[in-house]
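*Asks:*
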Amino acid sequence: MATRDTQTAKTPLTTSTTDQSTYGTWPPSEPTLHDPPPPSELSILIASSSPLVIGTILQFSQVAIALLFVGRLGKDELAATSLACLTANVTGWSVFQGLCSALDTLCPQAFGAGLKKVVGLHVQRMAGLYNSFTFQRLLIPNDEICRLSRDFLRILMLGGPGYAFFECGKRLLQAQGHFSAGLYTMLFCIPIHIFLTWFTVVHLHLGIKGAAISMATIHNLLPFGLAIYSHLYTTGDCWPPLTKRTFKNWMPMVKLAIPSLLMVEVECIGFELLTLLAGQMGTSELCAQTLLVTFCGFIYKIPFSLSIAASTQISERIGEGSHRRARETGKHAVYLATSFGALLVIILLAFRNQIPPLFTNDPGVAELMSSVVPTIAIFQLVDAVVGVTNGIIRGIGKQVLLVCGL
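The letter at position 159 of the sequence shown is residue 159 when you use the UniProt record's numbering, and the numbering goes up by one with no holes.
1) If you measure between the beta carbons of L156 and A88, is that distance less than 7 Å?
2) Tell me whether Q176 counts as near the ligand MN, meaning its Cβ is closer than 6 Å to at least one heavy atom of that ligand.
3) Would you kindly check if the distance between the Cβ of A175 and the Cβ of Y229 is under 7 Å?
4) Using alpha carbons as the reference points, say which of I44, H203, A216, P252 lies closest to Q399.
5) Evaluate the contact criterion for the stretch 290 to 308 versus the stretch 383 to 400: three or more CB pairs, one atom per stretch, below 8 Å.
6) So, do the stretch 269 to 283 and the stretch 351 to 361 have three or more beta carbon pairs nearer to each other than 8 Å?
7) If we ignore side chains and look at the alpha-carbon of each, how far apart do I314 and L221 end up?
8) Mind checking whether L86 and E272 have CB atoms under 7 Å apart?
9) Taking all protein chains shown into account, do 16 or more other C-beta atoms lie within 10 angstroms of the C-beta of S94, making it buried, or fewer, making it exposed?
10) Taking only runs of the beta strand (DSSP E) that begin and end inside the stretch 221 to 275, which ones reach a length of at least 3 residues, in chain order?
11) Which class does D362 belong to by DSSP, given the choice of helix, strand or coil?
12) May I ask you to report which of helix, strand or coil DSSP gives N390?
13) So for K398, helix, strand or coil by DSSP?
14) Three-state secondary structure (DSSP) at Q72?
15) Give the straight-line distance between the Cα atoms of R171 and A310, rounded to the nearest whole angstrom.
16) Using the Cβ count rule (16 or more neighbours within 10 Å means buried), how would you classify H203?
17) How should L232 be labelled, buried or exposed, when 16 other C-beta atoms within 10 angstroms of its C-beta is the threshold for buried?
18) What do you get for H205, buried or exposed, if any count of 16 or more other CB atoms within 10 angstroms of its CB means buried?
19) Can you tell me whether M186 is helix, strand or coil according to DSSP?
20) Enumerate, from N- to C-terminal direction, the unbroken alpha helix (DSSP H) stretches of 4 or more residues contained entirely within the stretch 152 to 199.
21) Grouping DSSP H, G and I as helix and E and B as strand, with all else coil, what is H205?
22) Write down the C-beta distance between I355 and V373 rounded to the nearest angstrom, noting that I regard them as a contact closer than 8 Å.
23) Given that a residue counts as buried once 16 or more other Cβ atoms are within 10 Å of its Cβ, and exposed if not, what is L401?
24) Using only the alpha-carbon positions, how far apart do L261 and G297 sit?
25) As a quick exercise: from G169, Q59, V201, pick the residue whose alpha carbon is nearest that of L187.
26) So, with DSSP's three-state summary, where would you put S284?
Right under this line is the structure:
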């Protein structure tokens, strides 16, 4: 019979190894009259999602920082940078996020079931799968965008390997309950990013190339920040030695990753097509469209972080065998997403004229953005609920349902 740390990824995802009354302990222990009651699933969800929200927003702010500096250079530079960031999202970052959904399912379930070495084994396999995509992207030229955007992309994609390892590392630590790891890493790296962007764009007068150099540099620094956090705050129990097992039994992970990858790619390609169509109307329309897409992506990071927390918590409960608490977590996640979406509608409608000037000094672009904000507000309400629901589906390992929804 296989032991806890020697089981392979072929172990069923929903194997129950503990009783619901003793969730979260290994080996199971008998409760006593003096034990405090376990925290509610809602409080755990809020506590785990809060640092994720802040950390994810800070991570996405790398794009906002680049746009804030480059936007002062002119409309052409702003349009090129925005278009390059969207293209990078379709061909690179969204690929990483889509594939990462497999870790949202596999790692927490393995950790909840006490299979600590299997947690790290999943991450090692995903790191190899990630970078096989990254190096392919580095070899594919993009001739459909302007020279400035192409130059930005060529520099930016050098940060692809660092971004991939950072996403893998976050899932490894989140599965162990360290939801603040990404936040602390971003708090350390964002000030460096701001300084590098100012130094390269303003002081060295490198223009959008300077912004790309800054972003690529920070992407490659991020995994080192996680490594320092892991060294200080974890025991290393979830990281097995690199062996032949890392390069075997990839199929269960691929079956979970591909459906979510397709889901994310279809959405991103849709936004990219809208941006290309806006480019046919003029520079002002292209600027407004790309800035609005960037702004929507910034807002979406909040329900997206909630979906990651819900997915991780649900997967861990399933690994523990506590299906009732998994259902409870899913209900609370949907309630929180609906409340956030409704609040967001009110805020966007109230500040529709104050948001555009934060990104551009051009009055024409700002006016176009203001006219579309009400439509975006309604869209964000639906998007928040759908995003969290997708997280719940990932938590139960049914990513194939996401493709059926297309």
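Every residue gets a Cβ at the ideal spot worked out from N, C-alpha and C, and that includes glycine.
*Replies:* According to the structure data:
1) yes
2) Ligands are entirely absent from the displayed structure, and the ligand MN is therefore not among its contents.
3) no
4) P252
5) Yes, the stretch 290 to 308 is in contact with the stretch 383 to 400.
6) no
7) 31 Å
8) Result yes, Cβ atoms of L86 and E272 sit closer than 7 Å.
9) Classification of S94: buried, given that the 10 Å Cβ count is 16 or more.
10) None, since the stretch 221 to 275 contains no complete beta strand (DSSP E) of that length.
11) coil
12) helix
13) coil
14) Going by the sequence as given, residue 72 is Arg instead of Gln. In the structure shown, R72 sits in coil (DSSP, three-state: anything other than H, G, I, E or B).
15) 13 Å
16) exposed
17) exposed
18) Classification of H205: exposed, given that the 10 Å Cβ count is below 16.
19) helix
20) Taken in chain order, the unbroken stretches of alpha helix (DSSP H) that lie wholly in the stretch 152 to 199 and span 4 residues or more are 160 to 175, 181 to 197.
21) coil
22) 7 Å
23) exposed
24) 17 Å
25) Q59
26) Three-state result, S284: helix.
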